[in-house]
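Participant: Next up is a structure, given as structure tokens.
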Ligand code: AMP
Ligand code: GLY
């Protein structure tokens, strides 16, 4: 099987690494890839994964590439190309591609779409309103005493959500999103939700248009600093499994969130093939959905794929072709922890081009894998930082304590100037 992977982050490195382990894969390309992806080799024949310099949002060039290399399966990592309709375009051109089509990708691309869908199908979520007029938005925020989440409707690199505690803060947030347009046109419309309190968890459900397979639990750490301080980021570390849900709670989430969501899709003719990734808050009144994403989480993917035993190309092909029924997910009993090493300053401005050392030493432990997010190889083959999140240092262990200890031991061996990471990944669970 020939596979094309689209994207360039830690999630895509994890996808490439896992896909490359399959005996069915004979050739793999990644567009555009990164410094770590370029070092991966296929288990079946030792061939290197080929990085191709085409951006993940350049649909025309990606189609040209596909026409030339004729992949049997294309796997899309990030949200932007999905909402731009890459799946529709590839399918029209006769290619098999994994990910939701543009209609289905709206669950992530439009928070207003998701919120209205949840209301139509009685899916538990925060009290909310959708506004395109700032003074109406403010009136609603006042009715919540200013304790709200102000969300730009469209895609904003995971940054378009402002959490407020006072009416003053809420007013500033509404001004920023709707009037100053800090997130561009994504803020033409906003969703305002009541602020929910509780533990936040990520779920992943692999869908094939007819049903879903629920992944094991995981938890991300969204804030930049220890103790959940600092700004929201793309995610500073994950672990799996997350011990906060018992079997009863998980069953409740299946029936009130996932089954209702699936039924809603079937009723409305939404053909969702890909990954549904709901963010949930476990509140005192039960689990409530904060948002839906329509792709693998980053860095959730890193811990999931360390633990997943199934053949990934087969699984994604079955999802794309509507054949998941009868397939069982198989997980390693071991736990996994991923610690993100970021450039100092992230998620605000940071320097690039710093030399990274120590990855080979960290990976001498066979239960450690360092996934690259923002890295590149220079002409001399030297590895340099090239983004905010640089590496996802990921380890397995017999339990979460061991996995976490092993991940941090590996982190200690890796160096680049002004590196920043959280020291409390998985601490809540330990
Ligand atoms: P979202 O992109 O909608 O998941 O929002 C980003 C982050 O903001 C989430 O991961 C939560 O930590 C936080 N958040 C979103 N909505 C709410 C809410 N209604 N109440 C409290 N926190 C929220
Ligand atoms: N882990 C956060 C995200 O993928 O959006």
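Residue numbers (our numbering): 88 to 517.
Here a beta-carbon is modelled for each residue, glycine too, at the ideal position from N, C-alpha and C.
#1: Which partner residues does residue 364 have in the DSSP bridge list?
#2: For residue 425, which residues of its own chain have a beta-carbon under 6 Å away from its beta-carbon, when the five flanking residues on both sides are left out?
#3: For residue 235, which residues of its own chain have a beta-carbon under 7 Å away from its beta-carbon, when the five flanking residues on both sides are left out?
#4: Put residue 417 into one of helix, strand or coil per three-state DSSP.
#5: Could you please give me the residues that DSSP links to residue 161 through a beta bridge?
#6: Am I right that residue 421 and residue 484 are in contact with their C-beta atoms under 8 Å? What's the rounded C-beta distance?
#7: Check the DSSP bridge columns for residue 429 and list the partner residues they point to.
#8: Specify the secondary structure class of residue 410 as computed by DSSP and reduced to three states.
#9: Our contact map puts residue 297 next to residue 412 with C-beta atoms below 8 Å; I'd like the distance itself, whole angstroms only.
#10: Just to confirm, does residue 254 get its C-beta within under 7 Å of one of the non-hydrogen atoms of ligand 1?
#11: Using the C-alpha atoms, what's the distance from residue 381 back to residue 350?
#12: Can you give me the C-alpha to C-alpha distance between residue 187 and residue 103, rounded to a whole angstrom?
#13: DSSP three-state label for residue 347, please.
#14: The alpha helix (DSSP H) with residue 222 in it runs from where to where?
#15: With three or more C-beta pairs closer than 8 Å as the rule, is the region 121-131 touching the region 149-156?
#16: Of the choices 511, 504, 493, whose alpha-carbon is the least far from that of residue 432?
#17: Please tell me whether, using a cut-off of 7 Å, the distance from the CB of residue 396 to the nearest non-hydrogen atom of ligand 1 is below it.
#18: Whole-angstrom Cβ separation of residue 264 and residue 277, contact assumed at under 8 Å?
#19: Over what stretch of residues does the beta strand (DSSP E) that includes residue 464 continue unbroken?
#20: Which residues in the same chain have their Cβ closer than 6 Å to the Cβ of residue 377, if we skip the five residues on either side of it in sequence?
#21: Check whether the Cβ of residue 319 lies closer than 7 Å to any heavy atom of ligand 1, and answer yes or no.
#22: Let me know the secondary structure DSSP gives residue 137 once reduced to three states.
#23: For residue 446, which of helix, strand or coil comes out of DSSP?
#24: Can you check whether the C-beta of residue 507 is within less than 8 Å of a C-beta belonging to chain B?
#25: Within a Cβ cutoff of 6 Å, which residues of the same chain sit near residue 494, ignoring the five residues on either side of it in sequence?
#26: What are the boundary residues of the beta strand (DSSP E) that residue 118 is part of?
#27: Locate the beta strand (DSSP E) running through residue 456, then write down its first and last residues.
#28: Could you check what DSSP says for residue 100 in three-state terms: helix, strand or coil?
#29: Mapping DSSP to helix, strand and coil, what is residue 307?
Facilitator: With the structure as the only source:
#1: Answer is 380, bridged to residue 364.
#2: Contacts found: 324, 325, 386, 389, 390, 479, 481.
#3: So the qualifying residues of the chain are 228, 251, 257, 279, 280, 281, 282.
#4: Taken through DSSP and simplified to helix, strand or coil, residue 417 comes out as coil.
#5: Bridge partners of residue 161: 91, 184.
#6: Taking C-beta atoms under 8 Å as the contact rule, residue 421 and residue 484 qualify, at a distance of about 6 Å.
#7: In DSSP, residue 429 forms a bridge with 476, 507.
#8: Here residue 410 sits in coil by DSSP.
#9: Going by Cβ atoms, the distance from residue 297 to residue 412 rounds to 7 Å, so yes, they are a contact pair.
#10: The answer is no for residue 254.
#11: Taking the straight line joining both Cα atoms gives about 17 Å.
#12: Within the model, the alpha-carbon separation for residue 187 versus residue 103 is close to 19 Å.
#13: Note: residue 347 maps to helix in three-state DSSP.
#14: 221-230 is the extent of the alpha helix (DSSP H) around residue 222.
#15: Flag = no, the region 149-156 and the region 121-131 do not touch.
#16: That would be 504, whose Cα lies nearest to the Cα of residue 432.
#17: Not so, every heavy atom of ligand 1 lies at least 7 Å from the Cβ.
#18: A Cβ-Cβ distance of about 6 Å is found for the pair residue 264 and residue 277, placing them in contact under the 8 Å criterion.
#19: From DSSP, the beta strand (DSSP E) with residue 464 extends over 462-464.
#20: The answer, listed in chain order, is 366, 368.
#21: Residue 319 Cβ: within cutoff of ligand 1.
#22: Taken through DSSP and simplified to helix, strand or coil, residue 137 comes out as strand.
#23: Residue state, collapsed to three classes: helix.
#24: This model lacks chain B altogether; it includes just one protein chain.
#25: Correct list, in chain order: 424, 426, 480, 482.
#26: Its beta strand (DSSP E) spans residues 114-119.
#27: Residue 456 -> beta strand (DSSP E) spans 455-459.
#28: Under the three-state reduction of DSSP output, residue 100 falls in the helix class.
#29: Strand, per DSSP.
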